Amino acid sequence: MERYYQPEIETASREQITAWQSERLVRQVRHVWDNVPCYRKKMEEKGITPDDIHGVEDLHKLPFVTKADLRDQYPYGLLAVPLNDCVRIHSTSGTTGKRVVAYYTQEDVDLWEDCCARALTAAGATEEDVCQVAYGYGLFTGGAGLHGGSHKVGCLTLPMSSGNTERQIMFMRDLKSTILCCTPSYAAYLGETMKEMGLTPDEIPLKAGIFGAEAWSEEMRRDIEKTLGIKAYDIYGLTELSGPGVAFECSAQNGMHINEDHFIAEIIDPETGEPLPDGEQGELVFTSLTKKAFPLLRYRTRDVCVLNRGKCSCGRTHVRMAKPRGRTDDMLIIRGVNVFPSQIETVLINLGYGANYQIIVDRVNHTDTLDVHVEMTPEMFTDNMGEIAARQKKIVEGLRSMLGLAAKVTLVAPKSIVRSEGKAVRVIDNRKI
Ligand code: DLL
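Residue 0 is where the sequence shown starts when you use numbering that gives the first Met the number 0, and the numbers rise one by one after that.
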């Protein structure tokens, strides 16, 4: 039984979705106006009151909320219900400044887990499945979100958390895990370790993976699908909006359906803040419609993305977001050229390398430098300098044609770049120091 495929919601008509969104938006605006002084102040500054918001068509009148606002309001400035009504806190993995904390009522947790259950169901999970959750547990939302979703679907849930890679593989084999949830970089590492342990994909029963929390390319998807012998599905979310499950991929694997009964998505021009038409690339902005404790209106995610309202072959009608290209804040500007790490990854994987690379940016004599360290795969490992030089040259050419930039490429020995059990850190920008 597919309890969490909800066709009456997931395949609803556009008119129906807009009607739900409008009704919930009006209610949510009133809720924050009444309960969160900082929202009231922001709205007053724009000269609006809840009476000006009649539906989705008025969304653009509302002020944006930024990460800086969340930091300023740390810890409880955005709380919209009595703290006694909250049952959980999670926090972002931010490495700079104050962390953002997000709080949840029991109903907020339930709705979040429903979203994760939808994602698992769309990837084929049922109560017959064994779901190995290898996202980190704790303040990070990955473990808790997929864990809750897996319970709702009725899967036998293995709360592994990340790390202890050989034990992950042992349990995968012995307990017959069929679904794996973790970051794509950890999935790639699990695949690599499996191979080293002499296991082939048909010796483990995995059939699907639900990978997200960081940007990953189509090329990396193909690689993971091959090494683990599974279908790899993307899942998107952020702590500020609950966690994983804001959007998820269906069997078409062509964009992630945004749970539009809970969130309104917009794409804006990051420079001007103006909404952009569907199909244009810009910054993704979300309004949460159903969260009670920590509702966000027009939250600027800084994720760079494109929306697609075209028909999906799976039948779902909720708008799809493309794989985020990266974040406005991890776009590198190198000698004036905009570079997303994902573009570099595409070049490398297309040339047969894995996703183990490091991008080092520096400034020497007032000029930006771009160094890319790339691991050779064990199959291509050699100490023949001529062969290495030829390979490096090929990558330099690939990067030049993708980015229009000259890079210095260094091939390094297999396993010399440190592996990640959570979100991978691939960029070192020494210019900031
Ligand atoms: O990463 C929530 C999550 C957990 C999503 C598990 C999916 C799976 P944060 O730590 O707050 O929350 O980080 C949110 O991660 O703004 C994006 O930049 C990035 N991100 C999340 N999912 C994807 C994805 C979790 N599928 C930030 N593709 C977001 C690309 C992603 N980037």
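Built from N, CA and C at the ideal position, the CB exists for glycine as well. If you're wondering where the values come from, they're calculated on a predicted model, not measured in any experiment.
query: With distances taken from CA atoms, which of S216, P81 and W19 is nearest V31?
result: Checking every option, the nearest Cα to that of V31 belongs to P81.
field: Residues sharing a beta bridge with H256, DSSP
entry: Answer by DSSP bridge pairing, in chain order: F247 and R319.
query: Should I434 be counted as a contact of the ligand DLL given a C-beta to heavy atom distance under 6 Å?
result: With the chain covering 0 to 432 only, the question about residue 434 has no answer from this structure.
query: If we ignore side chains and look at the alpha-carbon of each, how far apart do D233 and I332 end up?
result: One C-alpha to the other measures close to 27 Å.
message: Among the candidates A388, T300 and V363, whose CA atom is the shortest distance from the CA of G236?
response: The candidate whose alpha carbon is nearest that of G236 is T300.
- request: Specify the secondary structure class of G397 as computed by DSSP and reduced to three states.
  value: Shown here, G397 sits in a helix according to DSSP, grouped into three states.
- prompt: Nearest to L174 by alpha carbon, out of T91, Q20, E202 and P294?
  reply: Put simply, of T91, Q20, E202 and P294 the residue whose alpha carbon is nearest the alpha carbon of L174 is E202.
- request: Grab me the residues of E224's own chain with a C-beta within less than 7 Å of its C-beta, minus the 5 sequence neighbours each way, in chain order.
  value: K230 and A231.
field: Alpha-carbon to alpha-carbon, G137 and H493
entry: Look at the range of the chain in this structure, 0 to 432, and you will see that residue 493 is not part of it.
- prompt: Contact between the stretch 2-13 and the stretch 42-50: three or more CB pairs below 8 Å?
  reply: Touching, no, given that fewer than three Cβ pairs across the two stretches are closer than 8 Å.
Same chain, Cβ closer than 6 Å to G281, five either side skipped, listed in chain order: Residues of the same chain with a CB within less than 6 Å of the CB of G281, apart from the 5 flanking positions on each side, are I266, I267, D268 and L275 in chain order.
- prompt: CB S176 to CB Q105, shorter than 7 Å?
  reply: Not a contact, by the Cβ cut-off of 7 Å.
Where G281 sits in the DSSP three-state scheme: Reduced to three states, the DSSP call for G281 is strand.
- prompt: Going by the C-beta, is G211 closer than 6 Å to any heavy atom of the ligand DLL?
  reply: At least one heavy atom of the ligand DLL is found less than 6 Å from the C-beta of G211.
7 Å Cβ cutoff met for Q357 and I416: Yes, the Cβ-Cβ distance between Q357 and I416 is below 7 Å.
Straight-line gap, G144 to R87 (C-alpha atoms, nearest Å): G144 and R87: Cα-Cα distance of roughly 12 Å.
field: Which residues DSSP lists as bridging F262, in chain order
entry: Paired residue(s): S287.
- prompt: What runs of the beta strand (DSSP E), each 3 residues or longer, lie entirely inside the stretch 32-114?
  reply: Within the stretch 32-114, the complete beta strand (DSSP E) runs of at least 3 residues are 85-90 and 100-104.
task: Using beta-carbon positions only, say whether A116 and G148 come within less than 7 Å of one another.
output: Yes, the Cβ-Cβ distance between A116 and G148 is below 7 Å.
- request: Determine the direct distance from the alpha carbon of E386 to that of A246, and round the result to whole angstroms.
  value: Looking at the two C-alpha atoms, the distance is approximately 44 Å.
DSSP beta-bridge partners of L231: According to the sequence provided, residue 231 is Ala. The question's Leu does not apply to it. In the DSSP output, where bridge partners are listed per residue, A231 has G208.
- request: Report whether the distance from the Cβ of P323 to the nearest heavy atom of the ligand DLL is below 6 Å.
  value: Relative to the ligand DLL, the beta carbon of P323 is positioned inside 6 Å of a heavy atom.
- request: Spell out the partners DSSP gives L410 in its beta bridges.
  value: Answer is V373.
- prompt: Does the beta-carbon distance from G242 to R319 come in below 7 Å?
  reply: When the beta-carbon positions are compared, G242 and R319 stay at least 7 Å from each other.
- request: Indicate the three-state DSSP secondary structure (helix, strand or coil) for D201 in the structure shown.
  value: Secondary structure at D201: helix, using DSSP grouped into helix, strand and coil.
field: Between the CA atoms of A79 and V35 - distance to the nearest angstrom
entry: When the Cα atoms are used, V35 and A79 turn out to be separated by approximately 6 Å.
task: Go through the stretch 341-365 residue by residue and report every complete run of the beta strand (DSSP E) that reaches 3 residues or more, in order.
output: Complete beta strand (DSSP E) runs here, min 3: 356-363.
query: Counting pairs of beta carbons, one from the stretch 368-381 and one from the stretch 393-411, are three or more of them closer than 8 Å?
result: By the Cβ rule, the stretch 368-381 counts as touching the stretch 393-411, because three or more pairs are nearer than 8 Å.
message: Residues in the same chain with beta-carbon distance under 6 Å from L240, minus the five sequence neighbours each way, listed in chain order, please.
response: These residues qualify, in order along the chain: F285 and S287.
- request: Could you check which residue in G76, H146, V100 and F139 has the C-alpha nearest to that of D109?
  value: Selected option, being the one with the closest Cα: H146.
message: Looking at the strands, I want to know which residues DSSP matches up with I178.
response: I178 is bridged to C130 and A207.
- prompt: What residues match up with C304 in a beta bridge as DSSP calls it?
  reply: G281, per the DSSP bridge assignment.
- prompt: CB-CB under 7 Å to G76, same chain, minus the five flanking residues each way: which ones, in chain order?
  reply: Cβ neighbours of G76 beyond the five flanking positions: C37.
field: Distance, N429 Cα to R70 Cα
entry: Roughly 25 Å between the two C-alpha positions.
- prompt: CB of I452 to nearest heavy atom of the ligand DLL: below 6 Å?
  reply: Nothing can be reported for residue 452, as the shown portion of the chain is limited to 0 through 432.
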